[in-house]
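A.B. asks: Just dropping this structure here.
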Amino acid sequence: MMQVVTEKPEPRRGPAVEIANLTATHQRHPAVHHVSARFAAGSLAAIVGPNGAGKTTRLRTIAGLHRVDEGRVTLSGRKPRVALLPQQSGMDRAFPILCLDVMLQGLWSRLGAFRGTSAADRDRAQQALEAVGLGGFGRRPVGAMSAGQFQRLLFARLLVQDADLILLDEPFNAVDARTAADLLAVLRRWHGEGRTVLAVLHDLELVQREFPDCLLLAREAIACGPTAEVLSAHNRLRARMMAEAWDETAPACAA
Amino acid sequence: MDWLFGPFIEFGFMRRALVGCLALAVAAPLLGVFLMLRRTSLTAEVLAHGVTPGIAAGFLIAGLSVPAMSLGGLIAGLAVAVGAGALSRATGGREDAALTALYLIALALGVTLVSLRGSTADLTHLLFGQVLGVDDPALLLMAGVATLTLPVLALAWRPLALECFDPGFAAAEGVRGGLWHGLFLVLVVLNVLAAFQAMGTLMAVGLMMLPAVAARHWARELSGMAYASVGLAMLSALFGLLASYHLDLPSGPAIVLTAGVAWAISVIFGPVDGLLARWVRRPHLAG
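Heads up: the sequence lines are chains D and A, in that order.
Under the numbering used here, the first residue of the first sequence is numbered 1, with each subsequent residue one higher.
Under the numbering used here, the first residue of the second sequence is numbered 1001, with each subsequent residue one higher.
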C-alpha cells in the first residue's frame, strides 16, 4: 500500500492557466485551433477528446515545448515551476541508469548540469521512491522495470520536481488498476497541496469520478468548465464528429 | 615477464606507441559509450572517414606534417559533423543510408587526393596508420586530445546522459541538447583525428567503438560501462602492441583485433546479457 510521506505542509498555490485563442500546428495544419480556456489556480482538470484532437500538443504548448502559431498561454504568479510527464514512447527505457539517478534528475532546475547532490537531496529522492511504492528500487536499473513500475518512477520524479503546475500526458496508460489507484492518490495529494494539475486522459468514467474540471477538445474547444456540464451527451457527440483527417486542400484560416 | 615488458624496455618506438595508444584508450571509449547509447555508432565511422579528404588535402599541401594534416582533418570533420546533423534532421532520424553514402564518398575522395601526389606507402599510412612511427607532434596531439576530452566530457556528462535517456524531459527543463551534442561531436572529431595518427582512417574508430560495445556486457549502469570500456581499451592497446611485436603483425590492425577478441569474450562471458549466462540455466531464485 501507499505510504503517505509527511513533508512540511507549505502553503502554496499553483498558477492559473489562461489560454487565449491558441493555435498550434503540425506542418501548418492546426492540431489546436483557436482554443480559449481558463483553469483556475489550484484546479485539478482533465483534458479529454478523441485521438488526434490536439490534447498532447496543447499540453506541450503550455510546457513551452511546441511553437505557438497564434494566441497565448499565460501562467499567473511569479515564475511558476512547470513539470511535464510525457508519454513513455519518447524515452529510452533501455538506458543504463539507476532509479535513484532518475529521481535526482527531478532536481535539475536547482542542480543543473554541474552542481552536486547533498544528503538531503538523496533523502528526498528516496522518499519520493517510497511514496510511489518503489522503496527498494534505488539501485535498480530502469531497464529491469515493468511499464507500470516505470510509470510510478516517472511520478516519483515529478514528486521530486516539486512543481507548481503539473502536466500529465496519459498518466494511466499501461498501468494496472492498483498502480492507477496509487498514482491517483498522488494526484489527489497534489490537488490538496494547491498545485494546478492538468492531465490528458481517455477514461471518461475516471474523469467524471476524480476530476472536478474538464476541457473537451476536438481540435477546437467544445467545452470547458465543471466536468458534469462539459461531458454532457450533446458535447460528447460533437467531439466525436470531429474529422480526424487533415483537409489537404484547406485554405489559410481567416478567423 | 620479459614477454610482457621486454619490448617496451628495449625499444623507444614501442614505448611511444604504448603511451600514444593509452592516451587514445583513456578518452575515446567514453565517447564510444555515448555513441552506442544514442544508437549512432555509425556516426563515428562517418566522421573517421569524413576527415580523410581534409587530411589528404593537408598532405597534398604540406606533405606528411601532423599540424597540416590535422588542421585539414579538423575542418573536414567538423564540416561532415554539421552535414550529418543536417541530414539527420532532414531525414527525421533515418539518416543511416545517407550517412553511408557520405562516408563512402569521403573515403574515395581522400584516397584519390593522396594518390595524386603520394606513393603507395603514403596511402598505406593514410589508411592503416603507423603506430610504431608515432613522432613527437603526433604524440602531443594524442595526449593533448585526451587531456582536453576528459574534463570537457566530465562537464557535459549529465546533460548528455539526460538528453539520451529522456529528451522530452531534458527539453522541458531547458537543457540545450543541441549545444551539448555539438560539443560532443567536436570531441569525437578530435579523438578520431588523434586515433588517425596511430590507426589510420580505416581503423581509427576501433579503440572508440569496440571497447564501448563490449562494456555493455560488464555493467548495467552508465558509469560502470565507462570504467569497463576504458579498462578494456587499455588492455587491448597493451596486448595489441605486444601481439604486433611478438607475432610480427601490422600494429594498428593487431590492436583492433585484440579489442575484437575482448569484445567476443565480453559477449560470451560478460555478466550482463552474456551468452554463457543465457546458455547455462541456473535455478531461479526464491523471490
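Beta carbons are placed, not taken as given, at the ideal position from N, Cα and C, and that holds for glycine.
No experiment lies behind these values; they were computed from the predicted model shown.
1. Mapping DSSP to helix, strand and coil, what is H33 of chain D?
2. Count the CB pairs spanning the region 1231–1241 of chain A and the region 1053–1066 of chain A that are closer than 8 Å, and state whether there are at least three.
3. Determine, for A113 of chain D, whether the minimum Cβ-Cβ distance to residues of chain A falls below 7 Å.
4. Give the residues from the region 186–204 of chain D that approach chain A closer than 8 Å (Cβ to any Cβ), ordered along the chain.
5. Is A45 of chain D near L198 of chain D, with beta carbons less than 7 Å apart?
6. Determine, using beta-carbon pairs with one atom in the region 217–230 of chain D and one in the region 23–37 of chain D, whether at least three such pairs fall under 8 Å.
7. Can you give the Cα-Cα distance for I1009 of chain A and L1018 of chain A, rounded to whole angstroms?
8. Report yes or no: is there a C-beta of chain C within less than 7 Å of the C-beta of D1166 of chain A?
9. Go through its chain and collect everything with a Cβ distance to A1044 of chain A's Cβ below 8 Å, but skip five positions before and after it.
10. For E130 of chain D and F1128 of chain A, what's the separation of their Cα atoms in angstroms?
11. What residues in its chain sit with their C-beta under 6 Å from that of L100 of chain D, if we drop five residues either side in the sequence?
12. Specify the secondary structure class of F39 of chain D as computed by DSSP and reduced to three states.
13. Give the residues of chain D in contact with E1173 of chain A, contact being defined as C-beta atoms less than 7 Å apart.
14. Just mark H26 of chain D as buried or exposed, buried being the case when its beta carbon has 16 or more other beta carbons within 10 Å.
15. When you check each C-beta in the region 91–103 of chain D against every C-beta of chain A, which residues fall closer than 7 Å?
16. Applying the 10 Å Cβ sphere with the 16-neighbour rule, what's the burial state of G136 of chain D?
17. Please list the residues of the region 50–74 of chain D that have a C-beta atom closer than 7 Å to any C-beta atom in chain A, keeping them in chain order.
18. Relative to the alpha-carbon of G1200 of chain A, which residue among A:A1056, A:L1155, A:F1269 has its alpha-carbon at the smallest distance?
19. Buried or exposed for L1140 of chain A, please, with buried defined as at least 16 other CB atoms from any protein chain shown within 10 angstroms of its CB.
20. Strictly under 7 Å for the Cβ-Cβ distance: is P86 of chain D near chain A by that measure?
21. Please classify M1 of chain D: does DSSP put it in a helix, a strand, or coil?
22. Can you tell me which of D:A53, D:F150, D:R81 puts its alpha carbon nearest to the alpha carbon of H202 of chain D?
23. Is it the case that the Cβ atoms of G77 of chain D and P15 of chain D are separated by a distance below 7 Å?
24. Within a Cβ cutoff of 7 Å, which residues of the same chain sit near A1081 of chain A, ignoring the five residues on either side of it in sequence?
25. How far does the alpha helix (DSSP H) with I222 of chain D in it extend, from its first residue to its last?
26. Quick one: is A1286 of chain A near chain D, going by C-beta distance under 7 Å?
27. Would G1073 of chain A be called buried (16 or more neighbouring beta carbons within 10 Å of its own) or exposed?
28. Listed from N- to C-terminal order along the chain, which residues in the region 122–142 of chain D have their beta-carbon within a distance smaller than 7 Å of any beta-carbon of chain A?
29. For the region 1014–1046 of chain A, which residues have a beta carbon sitting closer than 8 Å to at least one beta carbon of chain D?
30. For T1091 of chain A, does the three-state DSSP call read helix, strand or coil?
31. Just how far apart, CA to CA, sit T1112 of chain A and P1151 of chain A?
32. Using a C-beta to C-beta distance shorter than 8 Å, which residues of chain A count as neighbours of Q151 of chain D?
33. Within this structure, are the beta carbons of G42 of chain D and T196 of chain D separated by less than 7 Å?
34. Can you tell me the Cβ-Cβ gap for V200 of chain D and T227 of chain D, rounded? I've got them flagged as a contact below 8 Å.
35. Going straight from the alpha carbon of M1 of chain D to that of E210 of chain D, what length do you get?
36. I need the straight-line Cα distance from V68 of chain D to T57 of chain D, nearest angstrom please.
C.D. replies: So, from the data block:
1. For the purposes of this step, residue 33 of chain D is identified with residue 33 of the first sequence, where counting begins at 1. In this structure, DSSP gives H33 of chain D an extended state, which the three-state scheme calls strand.
2. Counting Cβ pairs under 8 Å, fewer than three are found: no touch.
3. The residue you call residue 113 of chain D lines up with position 113 of the first sequence. By the rule that beta-carbons nearer than 7 Å mark a contact, A113 of chain D touches chain A.
4. None of the residues of the region 186–204 of chain D has a beta carbon lying less than 8 Å from any beta carbon of chain A.
5. As a working mapping, residue 45 of chain D is identified with position 45 in the first sequence. As a working mapping, residue 198 of chain D is identified with position 198 in the first sequence. Here A45 of chain D is near L198 of chain D, since their CB atoms are less than 7 Å apart.
6. With the cut-off at 8 Å, the region 217–230 of chain D and the region 23–37 of chain D touch.
7. By one-based count along the second sequence, residue 1009 of chain A stands at place 9. By one-based count along the second sequence, residue 1018 of chain A stands at place 18. Rounded to whole angstroms, the separation of the alpha carbons of L1018 of chain A and I1009 of chain A is 11 Å.
8. The structure shown has no chain C; the protein chains it does contain are D and A.
9. For this step, residue 1044 of chain A is matched to residue 44 along the second sequence. Cβ within range, chain order: L1031, G1032, L1035, V1188, V1192, V1205, M1208, M1209.
10. Taking the first residue of the first sequence as position 1, residue 130 of chain D is located at position 130. Taking the first residue of the second sequence as position 1, residue 1128 of chain A is located at position 128. Their backbone Cα atoms lie some 55 Å apart in a straight line.
11. On the first sequence, position 100 is the one that residue 100 of chain D refers to. Hits under 6 Å: A125, G138.
12. The count along the first sequence starts at 1 and reaches residue 39 of chain D at position 39. Of the three classes helix, strand and coil, the one that applies to F39 of chain D here is strand, per DSSP.
13. The residue labelled residue 1173 of chain A in the question sits at position 173 within the second sequence. Within chain D, the residues near E1173 of chain A are W108, S109.
14. Within the first sequence, numbered from 1, the residue matching residue 26 of chain D stands at position 26. That one is exposed.
15. For the region 91–103 of chain D, which is checked against every Cβ of chain A, the residues closer than 7 Å are M91, D92, F95, P96, I97, L98.
16. Taking the first residue of the first sequence as 1, we reach residue 136 of chain D at position 136. Exposed, by the Cβ-count rule.
17. Residues passing the 7 Å Cβ filter: A63, L65.
18. Position 200 of the second sequence holds residue 1200 of chain A. The candidate whose alpha carbon is nearest that of G1200 of chain A is A:A1056.
19. Mapped onto the second sequence, residue 1140 of chain A falls at position 140. Around the beta carbon of L1140 of chain A, fewer than 16 other beta carbons sit within 10 angstroms, so the residue counts as exposed.
20. Stepping through the first sequence from its first residue, residue 86 of chain D is reached at position 86. Closer than 7 Å to some Cβ of chain A, the Cβ of P86 of chain D qualifies, so yes.
21. Position 1 of the first sequence, counted from the start, is the residue given in the question as residue 1 of chain D. In this prediction, M1 of chain D scores a pLDDT of 46, lower than 50, which makes its location untrustworthy; the coordinate-derived value is nonetheless stated afterwards. Note: M1 of chain D maps to coil in three-state DSSP.
22. Position 202 of the first sequence holds residue 202 of chain D. Nearest C-alpha to H202 of chain D: D:A53.
23. Position 77 of the first sequence holds residue 77 of chain D. Position 15 of the first sequence holds residue 15 of chain D. Yes. Within cutoff.
24. Residue numbering aside, residue 1081 of chain A sits at position 81 when the second sequence is read from its first letter. Excluding sequence neighbours, A1081 of chain A sits near L1047, L1185, V1189.
25. On the first sequence, residue 222 of chain D is found 222 positions in, with the first residue counted as 1. Looking at the DSSP string, I222 of chain D is not in any alpha helix (DSSP H); the run it does join, the beta strand (DSSP E), is 220–226.
26. Position 286 of the second sequence holds residue 1286 of chain A. A1286 of chain A does not count as touching chain D.
27. Looking up residue 1073 of chain A in the second sequence gives position 73. Buried is the call here.
28. Answer set for the region 122–142 of chain D: P141.
29. The residues in question are L1037.
30. Along the second sequence, read from residue 1 onward, the residue named residue 1091 of chain A stands at position 91. When secondary structure is reduced to three states using DSSP, T1091 of chain A falls in the coil class, being assigned neither helix nor strand.
31. Along the second sequence, read from residue 1 onward, the residue named residue 1112 of chain A stands at position 112. Along the second sequence, read from residue 1 onward, the residue named residue 1151 of chain A stands at position 151. Cα-Cα distance, rounded: 37 Å.
32. Within the first sequence, the letter at position 151 stands for residue 151 of chain D. Within 8 Å of the CB of Q151 of chain D, no CB atom of chain A is found; the nearest one sits about 13 Å away.
33. To locate residue 42 of chain D, count along the first sequence from 1; it is residue 42. To locate residue 196 of chain D, count along the first sequence from 1; it is residue 196. The answer is yes: Cβ separation under 7 Å.
34. Residue 200 of chain D sits at position 200 when you count from the first residue of the first sequence. Residue 227 of chain D sits at position 227 when you count from the first residue of the first sequence. That belief does not hold up - the Cβ atoms of V200 of chain D and T227 of chain D are roughly 15 Å apart, past 8 Å.
35. For this step, residue 1 of chain D is matched to residue 1 along the first sequence. For this step, residue 210 of chain D is matched to residue 210 along the first sequence. Residue placement at M1 of chain D cannot be trusted, given a pLDDT of 46 that sits under 50; the coordinates are not used to answer.
36. For the purposes of this step, residue 68 of chain D is taken as residue 68 along the first sequence, with counting starting at 1. For the purposes of this step, residue 57 of chain D is taken as residue 57 along the first sequence, with counting starting at 1. C-alpha of V68 of chain D to C-alpha of T57 of chain D: approximately 10 Å in a straight line.
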